[in-house]
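In the numbering used here, the protein residues as written are 4 to 332. Cβ coordinates follow ideal geometry from the N, Cα and C atoms, glycine included. One structure below.
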């Protein structure tokens, strides 16, 4: 018995494309002609009962978040919630709590709930993710990470790291301490760091020490207490604003004066960076806008509209009081 999976494999397209074709959805003219021929050759007859179930609208979108205590995630969710209501959708929000197996389980749960599409704020996309998404036959949109063959929307994190490095070098700094996170997180752990490192490649007498810490302020604070006394860096870069706040707390307790003893900056543009002293130089990201754009794109995918596989959002350097020119020797 010929199945949708067989048709998709023979045509070299995704199952979701075949499903749209069978339901008179939007596919390219070339793809439609190819599928017409394959259906005619194989004598494929769709299961009308199954199709009627599939066509039933639930007006629900699933959202999977990585953790509850994230300021950026909350801003994205605000945008998602606002725009989902504008489009007449209700949300089912699940929390993975930075647990890969729990995240995969959440995907399966949302599929069983017959959501019309899923927005996934992912730390990483594994082969298990890809397999689930491939077989789900509903639109997926990954936020925060770029990924092949799955629709994604992310920030220009490499550019953000590069921008920070050029800014710091322009202030005359040559010795750097970078508090990063695991490279399993492609955007925050790898791209921000790599952009920063690459921005300084053509500078002379550059010294960069990398310290891998955690998204947790508590852990970052403890790591800073250990690392700062051993460092001669004049500029400290933190992969997130929360890490920067934790490092600043440790620095103050160690009797450092910022930015007199060293400058410090973060990434995120969190409101909290304005309510510490000194206020923290940061890279600002359009979190709320991402939430709005994510729903707009997902609803287009639900309609069967072809959209770009990758959407990249810009960022902005916001200079505050935690950074200054390197002191003259």
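As summarised for the region 100-143, the continuous beta strand (DSSP E) elements at least 3 residues long and confined to that stretch are 120-124, given in chain order. Three or more beta-carbon pairs drawn from the region 152-172 and the region 312-322 are found closer than 8 Å, and the two stretches are therefore classed as touching. Short of 8 Å from the beta carbon of residue 328, and not among the five residues preceding or following it, lie these beta carbons of its own chain, in chain order: 174 and 175.
In this structure, the CA atom of residue 208 is about 7 Å from the CA atom of residue 177. According to the DSSP secondary-structure assignment, residue 213 is paired through a beta bridge with 181.
Between residue 126 and residue 101, the C-beta gap is smaller than 9 Å, which places the two residues in contact. Residue burial is scored here from C-beta neighbours: residue 184 has at least 16 other C-beta atoms within 10 angstroms and is therefore classed as buried. Listed in chain order, the non-local C-beta contacts of residue 118 below 8 Å within the same chain comprise 61, 63, 64, 65, 95 and 141, local neighbours out to five positions each way being set aside. For residue 36, the uninterrupted alpha helix (DSSP H) run begins and ends at 32-45, by DSSP. DSSP, reduced to helix, strand and coil, places residue 158 within a strand of the structure shown. According to the DSSP secondary-structure assignment, residue 65 is paired through a beta bridge with 95 and 121. Of the other Cβ atoms in all chains shown, fewer than 16 fall within 10 Å of the Cβ of residue 322; this residue is therefore exposed.
The three-state reading of DSSP puts residue 173 in helix, counting H, G and I together. For residue 202, no beta strand (DSSP E) run applies; the uninterrupted alpha helix (DSSP H) run containing it begins and ends at 195-202, by DSSP. Considering only 248, 304, 296 and 286, the residue with the shortest C-alpha distance to residue 278 is 248.
With respect to residue 240, residue 167 sits close: the two C-beta atoms are nearer than 9 Å. In this structure, residue 165 and residue 320 do not form a Cβ contact; the two beta carbons are roughly 11 Å apart against a cut-off of 8 Å. In this structure residue 148 is buried. Its beta-carbon is surrounded by 16 or more other beta-carbon atoms within 10 angstroms. DSSP, reduced to helix, strand and coil, places residue 285 within a strand of the structure shown. From the listed residues 86, 222 and 188, the smallest Cα separation to residue 299 is found for 86. Residue 255 sits away from residue 269, with the two beta carbons spaced by 9 Å or more. Judged by their CB atoms, residue 288 and residue 75 are nearer to each other than the 9 Å cut-off. For the pair residue 186 and residue 91, the Cα-to-Cα distance works out to about 38 Å. DSSP places residue 261 in the coil class of the three-state scheme, outside both helix and strand.
Residue 106 is a Cβ neighbour of residue 67, given a cutoff of 9 Å. Contact between residue 180 and residue 242 does not hold, since their C-beta atoms are separated by about 12 Å, which reaches or exceeds 8 Å. Taking 9 Å as the cut-off, the Cβ atoms of residue 69 and residue 124 count as close.
Ranked by Cα distance from residue 78, the first of 310, 326, 331 and 273 is 273. With fewer than 16 other Cβ atoms inside 10 Å of its own Cβ, residue 213 counts as exposed.
Buried is the label assigned to residue 194, since at least 16 other Cβ atoms lie within 10 Å of its Cβ. Membership of residue 320 in the beta strand (DSSP E) is indicated by the continuous run 319-321.
Listed in chain order, the non-local C-beta contacts of residue 21 below 8 Å within the same chain comprise 7, 10, 11, 14 and 38, local neighbours out to five positions each way being set aside. Judged by DSSP secondary structure, residue 238 falls outside any alpha helix (DSSP H) and instead within the beta strand (DSSP E) spanning 238-241. The residue from 219, 246 and 259 with its alpha-carbon nearest to that of residue 233 is 259. In the assembly as shown, residue 301 is a buried residue. Its beta-carbon has 16 or more other beta-carbons within 10 Å.
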